[in-house]
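Peer 1:
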Amino acid sequence: MNKFSPVKAAFAVVMLLVSMLCAYKASAQTKADEAKMNAFVSNLMGKMTLDEKIGQLNLVVMGNAVTGTVISKGVEDKMKRGAIGGIFGLYGTANVKKMQDLAVNGSRLHIPLIFGLDVIHGHRTIFPIPLGVSATWDLGLIQQSATIAAKEATAEGLNWVFSPMVDIARDARWGRISEGSGEDPWYGSQVAKAMVKGYQGKSLTDADAVMACVKHFALYGGAEAGREYNTVDMSLIKMYQDYLPPYKAAIDAGAGSFMSSFNTINGMPATVNKWLLTDLLRKQWGFKGFVVSDYTSLNEVTNHGLGDLQTVSALALKAGLDMDMVGEGFLSTLKKSLKEGKVIQQEIDLACRRVLEAKYKLGLFKNPGKSLNAEKEKLDVFTDDTRKFARQIAEHSFVLLKNQEQTLPLKKSGTIALVGPLADNHSEMLGTWVIAGDPNKSVSVAEGIKNVVGDNVKVLYAKGSNITDDSLLSIRAFALTAPEAKDKRSPQEMIDEAVETAKKADVIVAVVGEAANMSGESSSRADIDIPASQKDLLKALAKTGKPLVIVLFNGRPLTLTWEDKHASAILDAWAPGTEAGNAIADVLFGNYNPAGKITATFPRSVGQIPIYYNHKNTGRPFDGKGGAKFKSDYLDISNDPLYPFGYGLSYTTFSYGGVQLDKTNLEGNTTLKATVTVTNTGKYAGEEVVQLYISDPVASISRSVKELKGFQKINLQPGESKVVSFNITTADLKFYNDKLIYDWEPGQFIVQIGTNSGNTQSASVQWLK
Ligand code: BGC
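Going by our numbering, the first residue of the sequence shown is number -17, and it counts up by one from there.
(1) On the three-pair Cβ rule with 8 Å, is the segment 178 to 191 touching the segment 130 to 145?
(2) Can you look up residue 216 in the DSSP assignment and give me helix, strand or coil?
(3) At a cut-off of 8 Å, is residue 71 close to ligand 1 when judged by its beta-carbon and the heavy atoms of the ligand?
(4) Alpha carbon to alpha carbon, what distance is there between residue 617 and residue 611?
(5) For ligand 1, any of its heavy atoms closer than 8 Å to the Cβ of residue 364?
(6) So for residue 339, helix, strand or coil by DSSP?
(7) How is residue 349 classed by DSSP in three states: helix, strand or coil?
(8) Is any non-hydrogen atom of ligand 1 found closer than 8 Å to the C-beta of residue 277, if you look at the structure I gave you?
(9) If you check the beta carbons only, do residue 34 and residue 91 fall under 9 Å apart?
(10) Apart from the five residues on each side of it in sequence, which residues of its chain come closer than 6 Å, Cβ to Cβ, to residue 210?
(11) Can you tell me whether residue 312 is helix, strand or coil according to DSSP?
(12) In its own chain, which residues sit with a C-beta less than 8 Å from the C-beta of residue 632, not counting the 5 before and 5 after it?
(13) Report the residue ranges of all alpha helix (DSSP H) runs contained in full by the segment 87 to 152; include only those spanning at least 4 residues, in chain order.
(14) Return the CA-CA distance between residue 353 and residue 127, expressed in angstroms with no decimal places.
(15) Write down every uninterrupted run of the alpha helix (DSSP H) in the segment 218 to 271 whose length is 4 residues or greater and which is fully enclosed by it, in chain order.
(16) Return the Cβ separation of residue 105 and residue 559 in integer angstroms, given the expectation that the two are a contact with Cβ distance under 8 Å.
(17) According to DSSP, simplified to helix, strand and coil, what is residue 628?
(18) Between the beta-carbon of residue 531 and the beta-carbon of residue 390, is there less than 9 Å?
(19) Taking the alpha-carbon positions, what's the residue 720 to residue 614 distance?
(20) So, under 8 Å CB-CB, residue 76 and residue 171 are touching, yes? Tell me the CB distance rounded to an integer number of Å.
(21) Output yes or no for whether 9 Å exceeds the beta carbon distance between residue 592 and residue 623.
(22) Helix, strand or coil for residue 509? Go by DSSP, reduced to three states.
(23) Using only the alpha-carbon positions, how far apart do residue 635 and residue 572 sit?
(24) Decide if residue 651 is buried, meaning its Cβ has at least 16 other Cβ atoms within 10 Å, or exposed.
(25) With 16 other CB atoms within 10 Å as the buried threshold, where does residue 401 fall?
(26) Between the Cα of residue 740 and the Cα atoms of 675, 729, 712, 704, which residue gives the shortest distance?
(27) Given this structure, state the Cα-to-Cα distance separating residue 168 from residue 673, to the nearest angstrom.
(28) Below 8 Å, how does it come out for the segment 440 to 447 and the segment 404 to 417: are there three or more Cβ pairs, yes or no?
(29) Run through the DSSP bridge pairs and tell me what residue 181 is partnered with.
(30) With a cut-off of 8 Å on the beta carbons, I'd call residue 708 and residue 656 a contact; round off their distance for me.
(31) Is residue 294 close to ligand 1? I mean its beta-carbon at under 8 Å from any heavy atom of the ligand.
(32) Is residue 566 near residue 380, with beta carbons less than 9 Å apart?
(33) Identify the residues that DSSP records as bridge partners of residue 305: which are they?
(34) Taking residue 549 as part of the beta strand (DSSP E), name the residues at either end of that continuous run.
(35) List in chain order: all unbroken alpha helix (DSSP H) runs of 4+ residues lying wholly within the segment 425 to 478.
(36) Among 227, 206, 70, which has the Cα closest to the Cα of residue 147?
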């Protein structure tokens, strides 16, 4: 036992007092700042007319960031009248300055505008799509990606970004699964926090900080049948346990604003849902920022069947919506609603106050042009450093799905056949939701290979197929962008050329998959295979008998059952961003050993969807043995996914020892230490994401079979072992019971640690209250 040391004890007491004093001072400072803000805003609002107050609630779109059928008109005139609170879609110091000057110098009260944009995975320098970024399991990198995006965005006059999207998604048909962090509430919460911190920095008044807008509140990822904008209907337990945590985590990280979602919740569209926007968001969770609608989501409440624009705008204000995006429901109806007593003055004032507070927190009243610095724009945007980072995060996002007989890494010699419609392509490298990124500045895979191995490797290229020959898919996927530049040859001619090329090579690298716009908003797919033209190409290539490496572009988990069986290796590159080709070549040739792990389950077939690792057991669980009747299974397919959540290979191999627990019987609020030894048993140095899951086999309600509660990314040299330990507390055992009380229940818990959700070692404890 340690001896009692008076010196140590005194030191501990002093440290405690110091930290209490600091906390007291910080909270006193916050209170003083708040009082100052309140006084400023109250004073300003005292001078505002009703029209000017309603004007602050109006967000208009300019530029080309249009995602609906309505666009804003008469912006300059409205601005002079004080009928606009903010603009989104504009960027570049000259563009932003022009509008800010109009607002500040041309309007009666000189109130600055807030300037927003969809900065989703980088601003000018584009990083992998968010689903790819989440596959890094590296919160430091994730946060840094947001910090860099904020620096680039502020350099172009922006102060508000419509990110992070924290919607949990368990349905790969839904195109927007690409914009989030996958299916897990715990991991999604960590990513949400990292992104908010990265965007908002230390203080929103800093020149490099932007205000985050957390979206889409709420449950948008639960759209029925994975069909975009569809109805969401789920139990409260599922909501609280599995879908809401990332939104709450974003608030805890200080997020300044929220965006309401397009869908219904409990039958009530989110944009007019008082339970959601006031009771949950503000009363239960203590959110203090402002809520903006999604693009015309307020007007769309009419289609949901709740009445005309006059009616639904009043509902929205009363529910707690503060700003109306594009549709001008507030602008055109609130005055009349006030006259008729359908809304009250305090409700308009409250919304106006929240918008003004956001501008105050951003420091815009003191310095409306704080981000308007043409020099900064030149220095901070698309630099060598931002590109270097883009290459690094892209490499870390790749997931090695298959690597039979160590096909990868490739030798830096010999001949490769580089095949596929995405192999020598710039337009598809950046992925979905890119507004300011320039595809022409991205690195193609062909260029990347040249950059990384020069002339040491002979590269023979053949396009092999178009991205798609399906005319419906082509028209709809490319509705907003230039259509695919189709090769005029017949599919067979292209395949024949690719096969001949492959025959002359040692190995085939086929760069195939989805075009950028086959995922993202309004891009649901009922068939999530690689498009048929490319699949035909792959089948012909496989027949050559040459090793076939697939480099996959995808904005969602795809059904890869055929590919998994017939390809020698599959490297999932998502949509890697600006540095796509360089990052892919680094990994193909072993300059970086891939370590990404998927954050959304890959199904075998679309019929398994929704499929996710943290499902319930059911009353008749299937044990995987064939021939059983009356079990929860399919006649024609296994229950198992093709690749489970958390899955990803490395060029090296890792072995896991058993899980060691420092106690097996515990009581009360104590800490359980779980350790495991991980060894690099292969030839390459590599990183491994060690994952901790917990199961609660007996509880007052049916629980998920397991839940992720922690992870550590470690680096091991060949032959090296590391002991990885996790401290588990009762906070990790808590769940929402049938009364929606968040607590833990005593009993048995199974601690599981492993390389993915489907491959863990376990040990059991009894934990009593
Ligand atoms: C999307 C949002 C986006 C907004 C503004 C909407 O259609 O759902 O994610 O932020 O448009 O561009």
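We put the CB at the ideal spot given by N, CA and C, even for glycine.
These numbers come from a predicted model, not from an experiment.
Peer 2: Checking against the coordinates, here is how it stands:
(1) A contact exists between the segment 178 to 191 and the segment 130 to 145.
(2) coil
(3) yes
(4) 9 Å
(5) no
(6) In this structure, DSSP gives residue 339 a helical state, which the three-state scheme calls helix.
(7) coil
(8) yes
(9) yes
(10) 504, 506
(11) helix
(12) 382, 575, 576, 577, 664, 666, 668, 669, 670
(13) 112 to 116, 121 to 137
(14) 19 Å
(15) 227 to 234
(16) Contact flag wrong, Cβ pair sits at about 11 Å.
(17) coil
(18) Going by C-beta atoms, residue 531 is nearer than 9 Å to residue 390.
(19) 24 Å
(20) Going by Cβ atoms, the distance from residue 76 to residue 171 rounds to 39 Å, so no, they are not a contact pair.
(21) no
(22) It is coil, neither helix nor strand.
(23) Taking the straight line from one Cα to the other gives about 15 Å.
(24) exposed
(25) buried
(26) Here the closest residue by C-alpha is 675.
(27) 12 Å
(28) yes
(29) None, per the DSSP bridge assignment.
(30) 5 Å
(31) no
(32) yes
(33) 274, per the DSSP bridge assignment.
(34) Where residue 549 is concerned, there is no enclosing beta strand (DSSP E), given that its DSSP letter is neither H nor E.
(35) 427 to 435, 453 to 459
(36) Measuring from the Cα of residue 147, the nearest candidate turns out to be 227.
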